[in-house]
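Engineer: Dropping a structure here in structure tokens format, bear with me for questions.
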Amino acid sequence: MKIVIVDDHPLVRRGLAAVISMQPDVQFAGEATNGQEALQVIEETQPDLVLIDLKLADESGLDVIKAARERGILSKFILLTSSASREDFLKAEEVLVDGYVLKEALPEELLFAIQLVYKGRKYYDPGLMEDKMRMSGGSPTDELTPKEKEVLIELGQGACNREIASRLFISEFTVKKHVSQILAKLQVADRTQAALFANAVGLTKYEMSYD
């Protein structure tokens, strides 16, 4: 996996390079400090993934991502930011970022995000999932049936379909149907995002209502 780092702070770039070097299957392919440099380095190295800061001096990392998409660049992009604002998050979704990681994240969280995005999935910082919930004007979990909430809790604990079926005394086919409904109602890309959501909002079986 080849990775390019785009950030206007030298110390941040070195820190990120040190973190990704912890993975034996990751190659640090290059770095850039601004949009022009970023596009040049990305086109030259054709990285699998780009870690890019939201704010690059007087530029926006989102504009760089948009320009890269328009040029047909197929690299995946993980946005790094200290901002968890609704406006920035919505703009990031508009340009189809593959990952959104807060700079306060632990190194292992960043590495997890990198591996997840590399495999073709989306990653949003768990802290943002709760904010995404608030954007809809209420809790998406209100739309879940009691059984779907039970399945979501199990997803949050990392259970596979077979384990969920055994614990809830239902078939694996039924579990798959519930997971599909959960993803649609929560508007998340996959079961990993659903699990992150469950943990971010602290959903537990003790908070469930069977009315």
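Numbering-wise, the UniProt record's numbering puts 148 at position 148 of the sequence shown, and it's gapless, one number per residue.
Note that CB positions come from ideal geometry on N, CA and C, so glycine has one too.
Please read these numbers as outputs of a predicted model, since none were measured by experiment.
(1) When we look at the beta-carbon of E94 and count the other beta-carbons within 10 Å, is it buried (16 or more) or exposed?
(2) Roughly how many angstroms separate the alpha carbons of I153 and E108, rounded to a whole number?
(3) Report buried or exposed for Y206, applying the criterion of at least 16 other Cβ atoms within 10 angstroms of its Cβ.
(4) Might you give, ordered along the chain, the residues of its own chain that have their beta carbon closer than 8 Å to the beta carbon of K176, omitting 5 neighbours on each side?
(5) Could you please give the first and the last residue of the uninterrupted alpha helix (DSSP H) stretch that includes A32?
(6) Tell me the residue span of the alpha helix (DSSP H) that contains L49.
(7) Flag V4 as yes if its beta-carbon sits less than 7 Å from any beta-carbon of chain C, otherwise no.
(8) With DSSP collapsed to three states, give me the class of F77.
(9) Per the DSSP calculation, K2 is bridged to which residue(s)?
(10) What distance in whole Å lies between the Cβ atoms of V117 and D88, which are believed to be in contact at a cut-off of 8 Å?
(11) So, with DSSP's three-state summary, where would you put S180?
(12) Alpha helix (DSSP H) containing G61: first to last residue?
(13) My output table needs one value for V95: the three-state DSSP class, helix, strand or coil.
(14) Using 10 angstroms around the beta-carbon of P146, count the other beta-carbons present and answer buried if the total reaches 16, otherwise exposed.
(15) Determine the extent of the alpha helix (DSSP H) in which G35 is found, giving its start and end residues.
(16) Given a threshold of 16 other Cβ atoms within 10 Å of its Cβ, counted over all protein chains shown, does G120 qualify as buried or as exposed?
(17) Under the three-state reduction of DSSP, which class applies to V175: helix, strand or coil?
(18) Quick check on the burial criterion: 16 or more other C-beta atoms within 10 angstroms. Buried or exposed for H178?
(19) State the Cα-Cα distance for the pair K185 and L168, rounded to the nearest angstrom.
Structural biologist: Result, derived from the coordinates:
(1) Taking the first residue of the sequence shown as 1, we reach residue 94 at position 94. Exposed.
(2) Walking along the sequence shown from the start, residue 153 turns up at place 153. Walking along the sequence shown from the start, residue 108 turns up at place 108. Rounded to whole angstroms, I153 to E108 spans 23 Å at the Cα level.
(3) Taking the sequence shown and counting its residues from 1, the one referred to as residue 206 is at position 206. The pLDDT assigned to Y206 is 47, lower than 50, so where the model puts this residue is not dependable; a value taken from the coordinates is nonetheless given after this. So Y206 counts as exposed.
(4) Indexing the sequence shown from 1 puts residue 176 at position 176. So the qualifying residues of the chain are N161.
(5) Within the sequence shown, numbered from 1, the residue matching residue 32 stands at position 32. Taken as a continuous stretch (DSSP letters only), A32 belongs to no alpha helix (DSSP H), being part of the beta strand (DSSP E) at 27–32.
(6) Position 49 of the sequence shown holds residue 49. Note, L49: premise wrong, no alpha helix (DSSP H); beta strand (DSSP E) at 49–53.
(7) The chain inventory of the structure shown lacks chain C, comprising one protein chain alone.
(8) Numbered from its first residue, the sequence shown carries residue 77 at position 77. It is a strand residue.
(9) Position 2 of the sequence shown, counting from 1, holds the residue named residue 2. Per DSSP, Q27.
(10) Against the sequence shown, residue 88 aligns to sequence position 88. Against the sequence shown, residue 117 aligns to sequence position 117. That belief does not hold up - the Cβ atoms of D88 and V117 are roughly 18 Å apart, past 8 Å.
(11) As a first step, residue 180 must be located in the sequence shown, where it is residue number 180. Helix, per DSSP.
(12) Here residue 61 is taken as the residue at index 61 of the sequence shown, counted from 1. That run of the alpha helix (DSSP H) goes 61–70.
(13) Counted from its first residue, the sequence shown places residue 95 at position 95. V95: coil per DSSP, three-state reduction.
(14) To locate residue 146, count along the sequence shown from 1; it is residue 146. Flag for P146 reads exposed.
(15) On the sequence shown, position 35 is the one that residue 35 refers to. Segment 35–45, the alpha helix (DSSP H) holding G35.
(16) Within the sequence shown, residue 120 is the residue found at index 120, counting from 1. Exposed, because fewer than 16 other Cβ atoms sit within 10 Å of the Cβ of G120.
(17) Reading the sequence shown from its first residue, position 175 is the one you call residue 175. DSSP places V175 in helix when its eight states are reduced to three.
(18) The sequence position of residue 178 within the sequence shown is 178, counting from 1. Classification of H178: buried, given that the 10 Å Cβ count is 16 or more.
(19) Here residue 185 corresponds to residue number 185 of the sequence shown, with the count starting at 1. Here residue 168 corresponds to residue number 168 of the sequence shown, with the count starting at 1. Straight-line Cα distance between these residues: approximately 21 Å.
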